[in-house]
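In the working numbering, the protein residues as written are 1272 to 1636.
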């Protein structure tokens, strides 16, 4: 029965063939370093010193000639206070950049309010200082020596103790040939004479192509993987192709030592929908396509397709990155010709060990 399920699901899409060779159950604690990179980069864009002119406190359209002493007395202190607040934001920005350069996640998170909300350019939400610190810790562990540059466009004061900052930022890592750029809007609040970020919204520039940057979130799929059980072996090989704008995954199913099915899955950034899209084809003639999105600690692939027999099919695959050598997978909401199929167990896929190299010949041989 399990072997039949392997073939049936593989005939629709690569995302379902993990039901194959067995695996282990459990609740892994995933770490997605590339998502953490985007999150940390965006969090890093929260505080930077002002370059804009202070907001004016003058009122227009109403004559104040009857009370010139009052206008004169209140306007100057307000200007001085805002100038001092802008300087305080500048100092907070310098402190943030220093903490970021040192890879100090706790010090970085200290620049946020306890209940701060951060929404990155992918729409992922990080709620609270603790969540931000956790993402920064994960990111710094995976990406040491990351550098941040920030450029302030404007700072506006909405009232006492509230300011909005707009600007852009660039994050670079020693391992990446490209810097990651984005624009951001930060809402600051003043708490006990300290300016902290209460809300951050980040968005990528419209004119910048994001294919490689967005696709890098799935870099953990790269390499050779295997799901090996008593009755079947499923192998996967994933590599970057076409100037790193796509990931190409190839799979094979072996039963009794014989190949019974193979196929390919191509993954790329879709600038029209702003999502990671996948296209799947197998050796039996089935095909499918779907969209990826992140849901907390998991990556979700929702696909629709057509089996080799011409039946419509759909499924949801749940991927979880556990560590550099392990991922898990589960199939849910799987239908063929409108008939609901049972959810699969959670299966563990491991990175395939390199093939042993032959020993070099010696002079004595």
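Ideal Cβ placement from N, Cα and C applies to all residues, glycine included.
Nearest neighbour of residue i, chosen from the options [CA to CA]
i	options	result
residue 1487	1473, 1515, 1469, 1501	1515
residue 1501	1544, 1624, 1528	1528
residue 1416	1471, 1457, 1368, 1428	1368
residue 1393	1561, 1606, 1608, 1540	1540
residue 1418	1374, 1532, 1456, 1378	1374
residue 1428	1466, 1381, 1495, 1389	1466
residue 1411	1462, 1442, 1608	1442
residue 1396	1462, 1433, 1565, 1362	1565
residue 1623	1548, 1530, 1435, 1495	1495
residue 1625	1562, 1497, 1607, 1530	1497
residue 1518	1547, 1533, 1543	1547
residue 1585	1613, 1460, 1594	1613
residue 1595	1610, 1384, 1621, 1561	1621
residue 1365	1391, 1355, 1607, 1420	1420
residue 1589	1567, 1609, 1378, 1431	1567
residue 1538	1572, 1608, 1431, 1601	1572
residue 1562	1489, 1609, 1610, 1532	1489
residue 1454	1610, 1430, 1464, 1422	1422
Integer-rounded CB distance, given that residue j should sit under 8 angstroms from residue i
i	j	result
residue 1603	residue 1583	Not confirmed; about 18 angstroms, so no contact.
residue 1456	residue 1472	5 angstroms
residue 1460	residue 1384	6 angstroms
Contacting residues, own chain, Cβ-Cβ under 6 angstroms from residue i (five flanking each side not counted)
i	result
residue 1424	1437, 1438
residue 1492	1509
residue 1388	1398, 1470
residue 1462	none
residue 1376	1404, 1407, 1408, 1411
residue 1444	1414, 1417
residue 1530	1523
residue 1616	none
residue 1386	1399
residue 1605	1586, 1612
residue 1435	1427, 1458
residue 1521	1508, 1535
residue 1390	1396, 1472
residue 1601	1589, 1615, 1617
Under 8 angstroms between C-beta atoms of residue i and residue j
i	j	result
residue 1382	residue 1468	yes
residue 1426	residue 1357	yes
residue 1545	residue 1557	no
residue 1553	residue 1534	yes
residue 1370	residue 1363	no
Contacts around residue i, its chain only, beta-carbon distance under 7 angstroms, and the 5 residues preceding and following it disregarded
i	result
residue 1359	1466
residue 1512	1519
residue 1380	1400, 1403, 1404, 1407
Across the segment 1431–1451 and the segment 1401–1410, are there enough close Cβ pairs to call them in contact, namely three or more that are closer than 8 angstroms? no
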